[in-house]
């Protein structure tokens, strides 16, 4: 029980910091005039486009801050298990499609083969996965979960549910649904703008 309270306090501390982050999230939408009629060095908003631009800057930094802080909080939350976020990401996909070829797994996860190879090597060294030659093509490798990994996945699934419950606790179901829909739209827009970049990259 003590460990659970400690982890909850840590996550709460990190998520609370989002509201007080000193990033350009604090950029004002409207610049108030200087006192005594003094001219401002800032030409101020130029119509609605300037306000949209400022909101876009604020949103960009907010997305960056939330993503960075979530990663840090997640790693801290899962630290007792000795598994990184990137490793968990791979294990979670294998739990749904065990025995995938390594190249196929890289395509599905939209990551570079070298980056994924490093993660799989660390998982293999920890005894969580095994790579075996594909029966039809000895040059290709398939990745399989080990029995200890299957137990670990069940435990991490429960812990991740707890983690997400804490960081999303201030959103009701309607707000959560709208947030998901909005982020999906942003993701699709980024994919159209830069189609060659992956959705995400494993780290660690």
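In this note's numbering, the protein residues as written are 2 to 205.
No residue lacks a Cβ here, since even glycine has one placed at the ideal position from N, Cα and C.
These numbers were taken from a predicted model, which means no experiment stands behind them.
query, result
"Go ahead and pull the three-state DSSP assignment for residue 137.", "coil"
"By Cβ distance below 8 Å, which residues in the same chain neighbour residue 177 in space, the five residues on each side in sequence not counted?", "169"
"Could you say if the stretch 140-155 and the stretch 83-101 meet the contact criterion of at least three C-beta pairs nearer than 8 Å?", "yes"
"Just verifying my parser: in three-state terms, what is the DSSP assignment at residue 146?", "strand"
"Pull up the distance between the alpha-carbon of residue 53 and that of residue 64, whole angstroms please.", "16 Å"
"Determine whether the beta carbon atoms of residue 135 and residue 141 lie at a separation below 8 Å.", "yes"
"Could you check what DSSP says for residue 22 in three-state terms: helix, strand or coil?", "Per-residue confidence for residue 22 stands at a pLDDT of 46, beneath the threshold of 50, marking its modelled position as unreliable; the derived number appears in the next sentence. In this structure, residue 22 counts as coil in the three-state DSSP scheme."
"Of the choices 164, 191, 180 and 113, whose alpha-carbon is the least far from that of residue 80?", "164"
"If we ignore side chains and look at the alpha-carbon of each, how far apart do residue 150 and residue 175 end up?", "35 Å"
"Which value, in whole angstroms, describes the spacing of the CA atoms of residue 109 and residue 101?", "10 Å"
"Compute the distance between the beta-carbons of residue 180 and residue 172, then report whether it is under 8 Å.", "yes"
"Helix, strand or coil, according to DSSP, for residue 110 in the structure here?", "helix"
"Would you kindly report the start and end of the unbroken alpha helix (DSSP H) that includes residue 195?", "Counting along the chain, residue 195 falls outside any alpha helix (DSSP H), and DSSP gives it neither H nor E."
"If you scan the stretch 146-185 from start to end, which runs of the beta strand (DSSP E) of 3 or more residues do you find wholly inside it?", "none"
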